[in-house]
Each structure stands twice: as C-alpha cells, then as structure tokens.
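This report refers to the structure that appears directly beneath it.
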C-alpha cells in the first residue's frame with residue numbers, strides 16, 4: 156500500500172475436469188498489521204458448467220480483524236425454485252442478517268471471481284459482468300479485456316466493481332460506507348495457465364498493488 160508492504164498472499168488454484176477449488180491465505184504485515192491485525196483464509200469449491208462459467212457449491216472463510224477473533228463466514232449455494240441461492244452455513248458467525256433473497260440469487264462468491272475471469276478469457280470473451288455476493292454485500296464486477304500492449308506482456312483487464320445492496324454498512328460487520336464504483340486493474344499470464352500476475356486497486360484513496368513473486372508447482376512445498 157502506497158509503496159509499503161501490506162500483506163503476503165498465497166493463492167492456490169485447482170482446475171479439475173468440470174470442477175474447481177480456489178484457496179487463498181492472507182497475512183498482513185508492517186503498518187497494516189499493527190492497525191488491522193488481519194489474517195484470513197478462504198476456500199471456494201464448485202463445478203464448471205460447460206460454456207457457463209463457475210457454479211460454486213460452498214465458500215468458507217476464517218479471519219481475525221482487530222478485536223474480532225475467530226470469525227467464520229460460511230456460504231452454501233442451494234438450488235431452489237429454478238435458481239441457486241447463497242445461504243449461510245450452520246457455523247457462520249456473522250452478526251447482521253443476510254440480504255434479501257433477491258440479492259443472493261444466481262451469484263458467485265468473491266474467490267470464484269478468479270475462476271470466472273480465467274474461464275471467460277479462456278473462452279475468448281472480451282467483456283462480461285459477474286454478480287458477486289460476499290456474505291454481506293451484493294455487487295457487480297464488470298470486466299473488459301484490454302488491447303494487447305507489447306510493452307506490457309500479459310493479458311490485461313480493466314475491472315469495475317459496482318456496488319449494489321448492503322454497501323453502505325447496514326449489513327456489513329465492518330461498516331464499509333464506500334459504495335462508489337471501484338476500478339481494478341488485473342494482469343493474467345499470456346499462456347494456458349492464465350495465472351494472476353498483478354492487480355491494482357485503490358482502497359480508501361490508497362493504492363493497493365499485488366504482484367506475483369513466486370509460482371510453486373503442484374505437489375511442491377510453497378513456504379511463505
């Protein structure tokens with residue numbers, strides 16, 4: 156953040172025949188760690204529908220933030236009435252009520268967004284919108300593949316997060332009032348793996364840049 160180290164992120168992507176599993180672990184560093192005490196892990200499981208992107212089955216997250224210790228976010232995606240609804244799991248510790256069902260219909264979780272973007276790019280799509288629900292907020296992630304730039308290798312995307320329901324703090328435990336559109340830049344590797352190489356976003360007017368430092372082969376230990 157603003158040229159200072161903020162966190163280490165470990166991202167694990169499992170692409171199977173017709174299924175996926177995404178995992179992420181984050182530990183804050185330096186000043187952000189002193190301020191937020193944040194650390195967390197999350198996992199998303201689902202299947203890949205032919206030509207239709209990811210269909211998550213569950214999203215589990217565990218995190219510590221400031222005085223909130225051992226928090227758990229649990230979402231199950233349940234088929235009902237011709238749609239798939241994001242429902243809270245039994246051991247979810249969220250203290251605010253979930254959004255109305257209309258905002259939880261046919262959505263994906265934040266971690267599945269990575270799989271959705273990679274899948275869309277792999278299919279040759281150049282502009283698409285993803286409906287996302289993170290357990291408290293419903294928003295749209297609009298994505299656009301940018302023209303190739305020989306000076307900047309990789310597949311570059313411009314993303315825009317458009318806030319929807321729950322984005323003014325009325326349902327969020329963290330009380331985030333930021334409901335303005337938030338631009339994000341993302342670069343994927345220009346090969347069959349489509350690995351996330353870099354991401355940049357502004358949070359509270361500060362630039363947050365994440366850059367891939369090391370790739371670990373499947374089955375090999377990948378220490379922090």
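In this note's numbering, the protein residues as written are 156 to 379.
C-beta atoms are modelled at their ideal positions from N, C-alpha and C, and glycine is treated no differently.
Here the structure is a predicted model, which is why all the values come from computation and not from measurement.
> Cα-Cα, which of 364, 350 and 349 is closest to residue 356?
Replying inline: Residue 356 sits at position 201 when you count from the first residue of the chain shown. Per the Cα distances, 364.
> Is the CB of residue 295 under 9 Å away from at least one CB in chain B?
Replying inline: This model lacks chain B altogether, as it is built from one protein chain only.
> Alpha carbon to alpha carbon, how far is residue 340 from residue 296?
Replying inline: Position 185 of the chain shown, counted from the start, is the residue given in the question as residue 340. Position 141 of the chain shown, counted from the start, is the residue given in the question as residue 296. Taken atom to atom, the span from the alpha-carbon of residue 340 to that of residue 296 is near 12 Å.
> Applying the criterion that 16 or more other CB atoms from any shown protein chain within 10 Å of the CB defines a buried residue, is residue 377 buried or exposed?
Replying inline: Residue mapping note: residue 377 aligns to position 222 of the chain shown, counting from 1. Burial is judged here by how many other beta carbons sit within 10 angstroms of a residue's own beta carbon; residue 377 has fewer than 16 and is exposed.
>> Tell me which residues share the same chain as residue 256 and place their Cβ nearer than 8 Å to its Cβ, disregarding the 5 neighbours each side in the sequence.
In response: One-based indexing of the chain shown puts residue 256 at position 101. Taken in chain order, the residues that qualify are 240.
> Are the CB atoms of residue 181 and residue 198 nearer to each other than 9 Å?
Replying inline: Counted from its first residue, the chain shown places residue 181 at position 26. Counted from its first residue, the chain shown places residue 198 at position 43. No. Outside cutoff.
> On the three-pair Cβ rule with 8 Å, is the segment 248–264 touching the segment 279–291?
Replying inline: Output reads yes: the segment 279–291 touches the segment 248–264.
> Going along the chain, which residues of its own chain have a beta-carbon closer than 8 Å to the beta-carbon of residue 352, five neighbours each way excluded?
Replying inline: Taking the first residue of the chain shown as position 1, residue 352 is located at position 197. Excluding positions up to five away in sequence, the list reads 309, 342, 343, 344, 366 and 367.
> Which residues share a DSSP beta bridge with residue 163?
Replying inline: To locate residue 163, count along the chain shown from 1; it is residue 8. Looking at the DSSP assignment, residue 163 forms a beta bridge with 182.
> Leaving out the 5 sequence neighbours to the left and right, which residues in its chain are closer than 8 Å to residue 327 when beta-carbon positions are compared?
Replying inline: Looking up residue 327 in the chain shown gives position 172. In this prediction, residue 327 has a pLDDT of 44, which is less than 50 and means its spatial position is unreliable; what the coordinates show is noted afterwards. Excluding residues within five positions, the ones whose Cβ falls inside 8 Å are 251, 291, 292 and 321.
>> Using the Cβ count rule (16 or more neighbours within 10 Å means buried), how would you classify residue 225?
In response: The residue you call residue 225 lines up with position 70 of the chain shown. Counting Cβ neighbours within 10 Å, residue 225 comes out exposed, since fewer than 16 surround it.
> Going by the CB atoms, is the gap between residue 337 and residue 315 shorter than 9 Å?
Replying inline: Reading the chain shown from its first residue, position 160 is the one you call residue 315. Reading the chain shown from its first residue, position 182 is the one you call residue 337. Yes, Cβ-Cβ distance for residue 315 and residue 337 is below 9 Å.
> With which residues is residue 307 paired in a DSSP beta bridge?
Replying inline: Position 152 of the chain shown, counted from the first residue, corresponds to residue 307. Residue 307 pairs with 304.
> Do you know whose CA, among 275, 223 and 245, lies nearest residue 215's CA?
Replying inline: Your numbering for residue 215 matches position 60 in the chain shown. Checking every option, the nearest Cα to that of residue 215 belongs to 245.
> So is residue 303 buried or exposed if we call it buried at 16+ other beta carbons inside 10 Å?
Replying inline: Here residue 303 refers to the residue found at position 148 of the chain shown. Answer is exposed; the Cβ neighbour count stays below 16.
> Do residue 248 and residue 228 have their C-beta atoms closer together than 9 Å?
Replying inline: Position 93 of the chain shown, counted from the first residue, corresponds to residue 248. Position 73 of the chain shown, counted from the first residue, corresponds to residue 228. Going by C-beta atoms, residue 248 is nearer than 9 Å to residue 228.
>> Using only the alpha-carbon positions, how far apart do residue 234 and residue 279 sit?
In response: Position 79 of the chain shown, counted from the first residue, corresponds to residue 234. Position 124 of the chain shown, counted from the first residue, corresponds to residue 279. Spanning the two alpha carbons is a distance of roughly 29 Å.
> Among 175, 219, 223 and 193, which has the Cα closest to the Cα of residue 209?
Replying inline: Translated into positions along the chain shown, residue 209 becomes position 54. For the residues 175, 219, 223 and 193, the minimum Cα distance to residue 209 belongs to 175.
> Excluding five sequence neighbours on each side, which residues of the same chain lie with their C-beta closer than 7 Å to the C-beta of residue 283?
Replying inline: Indexing the chain shown from 1 puts residue 283 at position 128. Cβ neighbours of residue 283 within its own chain (closer than 7 Å, five residues either side excluded): 275 and 298.
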